[in-house]
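The opening position of the sequence shown corresponds to residue 431 in the working numbering, with each subsequent residue numbered one higher. Shown next, in C-alpha cells, is the structure this report addresses.
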Amino acid sequence: MNGLVLLIIGVALLACGYIFYGRWLCKQWGVGETNEATPAHTMEDGIDYVPAPAPVLMGHHFSSIAGAGPITGPISAAGLGFGWLACMLWIVIGGIFVGGVHDFGALFASVRHGGRSIGEIISANMSKRAKRLFIIFAYLTLILVVAAFASIVAGTFGATYVDGALDVAASTSQARVAMVSILFILIAIVFGFCVYRRNAPMSVASVVGVVAIVAIIAIGMNFHPIYLSSSTWMYIVGLYIVIASVTPVWILLQPRDYLSSFLLYAMLALAVVAVFMAHPSMDSLPVIQSAESTSPVFPVLFTTIACGACSGFHSLVSSGTTAKQLDKEKDARPIAYGGMLLECVLAILTLCAVAYAYSWNAANPDSALKGATAIFGGGIAGMIDPSRGATYDILYTLLVLTYSAFCLTSLDTATRLARFMFQEFWLDGSKGETPENVTGYKKVLTNPLVATLITVVLGIALGMHGYAKIWALFGSANQLLAALGLLAVATWLGNIGKNNKMFLIPMAFMLCVTIASLIINTIQQAGKISAGGADWGAYAQVILGVLLVVLAVILAIEGIATIGNQRKKAAAK
C-alpha cells in the first residue's frame, strides 16, 4: 500500500465527514439557532472568560488537544503489532463518528451551561453524586497527565550527563529546544499585550508573530547556553505551570497557543510534503495484526490510539477552557469537530512516518530510529532528506521542537483544567456558589492559587517519583472519560428534547472498550502480584482498575436510567 494513497483517501473521508455529518449534527442540536451571547461575553472576567477570535481559539484548542497523543498513539500501536489498516479504520471512523461528536458535543453543551465543565453538566442532568464521582476521576486523570507531560518536557529539555559530567555534544539538541521554548513564551506575552491591550490588527500581529518565531528558532539553533538536568527542569516547569495556570488567558494561554498553532500547521504541511515526496510504502507494517503480536486488537487498539480518534481529555479541554473563550456559537463546529478531524490527519501522517521509519530500521539496524520522537521526527525528515545530511538535521530539530511545544501547551492547559475541576468539586452550582461568594474552608480551597498549587505539587511529585508505574492505566482512564463525556451530553440533549441517538452507540462502544481494557490490565497486574516481587505500581493498578470499573458501571447505570426516563416521558406525551 502506498502511503500517499492512504493519506489522500483518509483526508477525503474526513473532509466529507466534516461537511456532511458535521452540518447534520448542527441541525440536530440547534447549534447557532439563537442569537444569545456566549459565556465568554456574558461572564467575561478578564481571566478565564475572555472572548477570542476564531483563529486564535482554534490555535488554543488544537494545540491543547493535539499534544503528543496523535503522534505517540499510532507509534505505540505499530509497536504492539497492529497493522496500518486496523489503525487507519479506527482513526477515520472513530474521528468522524466518535471523537468528533464527543468533542463537538462537549463544547456545545458547556457553552449552553455557562461555560461549566462536564462535571457540572452531569450534575444538572443526572445527579450531584454522579458529578462528584466524575470530578474525582477526571482530576486524578489530569494529575497523571500533568505528571507525564511535565516529565516529557523536562526530558526533552534536560542535558545529558555521563559520570556526573556534562556531555555538551549529546545535549545540544535539548539545549536548542529549551532555548527556543523560553523565547517562544516571551514573544507570546508580547503578542498578547499588543493584540489585547494595544488593539494591534490580528493580521499584522500574526505576520510579525510568524517572523518572530522564525527569528527565535534561528537564535535558539545557534545560541543555547542553558544546560540543566531533567530534575532541575521539572522544578522550573512546575513553577511555570503555576504561573501560567492562574494568569489571565489573554496574557499567555491564548497568544502562546495561537502562535504554537503555526508550528503545528507547519509541521502538518512538512509531513504532507514528505509523504508526497517519498510515497512511503506501508508494507513494513502488517495489514491488521502481526503474527507475533500478543495484544488483542479489541480493546487494546482503541485505548492505544486515543487522541488521533477519540480522547476523553478533549472533552475536558472543550468544556474547560475553549467554552469560556468561544466568541460565537457557530464557531463550535470548525473549532471542536474540525479540530478533531485535523488531529486525525496528523495521526494518519504519523502512521506513514512509522512505516517509513520501520523500513529504515530494517535496512539500517545500526542507526535505527527508536522512541516516539525519533521515529516521528526521523521518519518525516528522512522522507525529505534520505541522505541524512544538513537538511535532515535541521528538520529533525524543528520537529522535536514542535513536539515539545505541543507537550508544553497540553501541560499548562491540563493544569488549568485540573484547577477548574478542583474548584468545582467544592462548589454547588445549583445554589449559585462561586469562588467569590463562598466562605470558610470552601473559600480557601477554591482560591485559584491554592487549587493550582495543590495540583502542581501532586503532579510534579508523581512525575519525579514513578508515574510510569501506573501509566498503563491512562489509556483506559482516558477512554472512560470519553464514554462519560458522551453520556453527559446525551442526557442533556435528551432533557431539552434534542436528538441524542448519535451518542448512544459511541458511548456504549467506549464503555465496552474501557471495561474490557481495565479487566485485562487488572488480571495481568494481579498475576504479577501472585508471582511475587511486584512493586507498588502493580498493587496501585489493581486497586485503581477495580475502582474505575465500579465507577464506570455506576455512572453508566445512572446515565442509562436518565435516558430511559426521558424516553418514557417523551412516549407519554
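Ideal Cβ placement from N, Cα and C applies to all residues, glycine included.
In the DSSP output, which residue or residues are listed as bridge partners for residue i?
i      : result
Tyr591 : Leu596
Ser711 : Asn432
Phe512 : Gln719
Helix, strand or coil for residue i per DSSP?
i      : result
Gln755 : coil
Ala699 : helix
Phe527 : helix
Ala482 : strand
Pro816 : coil
Gly893 : helix
Asn652 : helix
Asp761 : helix
Glu474 : coil
Leu746 : helix
Ala975 : Just to set this straight, residue 975 is Gly in the shown sequence, not Ala. Helix.
Tyr448 : helix
Leu658 : coil
Glu463 : coil
Distance check for residue j and residue i, CA to CA, integer angstroms please.
i       : j      : result
Ile805  : Pro500 : 13 Å
Ala554  : Leu974 : 27 Å
Ile615  : Leu682 : 8 Å
Val730  : Leu563 : 25 Å
Val717  : Ile778 : 15 Å
Ala736  : Thr780 : 13 Å
Leu978  : Glu773 : 27 Å
Arg546  : Ser749 : 6 Å
Thr472  : Arg846 : 21 Å
Val1040 : Ala645 : Limits of the chain in this structure are 431 at one end and 1003 at the other, which puts residue 1040 out of reach.
Val919  : Thr944 : 18 Å
Gln719  : Cys740 : 21 Å
Ala577  : Glu550 : 25 Å
Ile810  : Ala470 : 39 Å
Leu443  : Val522 : 7 Å
Asn877  : Thr864 : 10 Å
Lys998  : Leu570 : 36 Å
Ile884  : Lys873 : 15 Å
Ala986  : Ser581 : 33 Å
Leu574  : Ala907 : 10 Å
Ala498  : Ile566 : 24 Å
Leu829  : Leu892 : 28 Å
Ala898  : Ser611 : 25 Å
Asp858  : Gly768 : 33 Å
Gly622  : Val667 : 21 Å
Ala467  : Pro483 : 14 Å
Leu888  : Gly962 : 29 Å
Val480  : Tyr626 : 10 Å
Ala881  : Val703 : 44 Å
Pro425  : Val972 : This structure gives no information on residue 425, because the portion of the chain shown stretches from 431 to 1003.
Ile439  : Leu694 : 22 Å
Leu903  : Ala802 : 19 Å
Going by other Cβ atoms of all chains shown within 10 Å of its Cβ, with 16 needed for buried, is residue i buried or exposed?
i       : result
Val641  : exposed
Asp842  : buried
Tyr871  : exposed
Glu866  : exposed
Leu593  : Checking the sequence shown, residue 593 turns out to be Asp, not Leu. Exposed: under 16 other Cβ atoms inside 10 Å.
Thr502  : buried
Glu854  : buried
His895  : exposed
Cys446  : exposed
Thr751  : buried
Pro710  : buried
Leu437  : buried
Ser1004 : Only positions 431 to 1003 of the chain appear in the structure, and residue 1004 is not among them; the question remains open.
Leu879  : exposed
Gly476  : exposed
Thr724  : exposed
Asp965  : exposed
Ile617  : buried
Specify whether the region 938-952 and the region 597-609 touch according to this definition: at least 3 beta carbon pairs, one from each stretch, less than 8 Å apart. no
Should the region 754-761 be called in touch with the region 530-547, which here means at least 3 C-beta pairs below 8 Å? yes
Is it a yes or a no for the region 683-692 touching the region 825-841, going by three-plus beta-carbon pairs under 8 Å? yes
Is the number of C-beta pairs between the region 909-918 and the region 927-941 that are closer than 8 Å three or more? yes
Touch check for the region 654-669 and the region 785-799: three-plus C-beta pairs under 8 Å? no
Measuring CB atoms only, is the region 760-767 touching the region 451-465, in the sense that at least three cross pairs come out at less than 8 Å? yes
The region 811-829 touching the region 509-525, judged by at least three CB pairs closer than 8 Å: no
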